[in-house]
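Numbering (my numbering), first residue to last: 757 to 889. Don't be surprised by glycine CBs; every beta carbon is placed ideally from N, CA and C. Here is the structure we will look at.
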C-alpha cells in the first residue's frame with residue numbers, strides 16, 4: 757500500500773505530529789495564561805475566557821492529529837480516515853478562529869496550510885484500478 761511514497765508518508769506523519777504538538781502546547785498556553793488573556797479574542801463568542809477554547813484546541817484539534825499519527829505508525833486500517841479528519845478539524849478550527857476573533861495572525865496561514873496538506877497528502881484507501889464511487 758502506498759508503494760514508492762515513503763517520503764510522502766514521512767512528511768504526512770511529520771505534519772500530524774507538528775499539528776498535535778503545537779495544538780496541545782497552544783491549548784495549554786491558553787488554559788494556563790502563558791498566552792495573556794485577550795478579551796477581544798472571545799468577545800464575539802459565547803466563551804467567557806480563553807480556557808475552554810484552549811481545552812478544545814488541545815483535546816480536539818491536537819488529539820485528532822495525535823490519534824491519526826499513532827494510527828499511521830501502527831498501520832491501522834482506518835488511519836487514512838483519521839488523518840483526513842485531523843486535517844479537516846485543523847482547517848475548520850483556523851477558519852472558525854479567524855471568524856470568531858475577527859483578527860488575523862500569520863501563524864493562522866501556517867496551520868491552515870498544514871491542515872490542508874494533511875488532507876491532500878493522505879492516500880486514498882481505494883484499491884488501484886478501482887472505478888466508481
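Residue i, DSSP secondary structure in three states
{"i": "residue 824", "result": "helix"}
{"i": "residue 789", "result": "coil"}
{"i": "residue 870", "result": "helix"}
{"i": "residue 880", "result": "coil"}
{"i": "residue 757", "result": "The predicted model places residue 757 with a pLDDT of 45, which falls under 50 and marks its position as unreliable; any figure quoted below should be read in that light. Reduced to three states, the DSSP call for residue 757 is coil."}
Proximity to residue i [Cα-Cα], best of the options
{"i": "residue 857", "options": "803, 866, 847", "result": "803"}
{"i": "residue 788", "options": "811, 872, 775", "result": "811"}
{"i": "residue 834", "options": "872, 880, 777", "result": "880"}
{"i": "residue 776", "options": "841, 801, 820", "result": "820"}
{"i": "residue 808", "options": "826, 782, 825, 822", "result": "782"}
{"i": "residue 825", "options": "799, 839, 813", "result": "839"}
{"i": "residue 847", "options": "859, 813, 823", "result": "813"}
Beta-carbon proximity check, residue i vs residue j, cutoff 8 Å
{"i": "residue 849", "j": "residue 874", "result": "no"}
Pick out the complete alpha helix (DSSP H) segments inside the segment 791 to 862, 4 residues or longer, and give them in chain order. 795 to 798, 807 to 812, 819 to 830, 835 to 857
Would the segment 788 to 797 count as touching the segment 821 to 833 if we require 3 or more Cβ pairs under 8 Å? no
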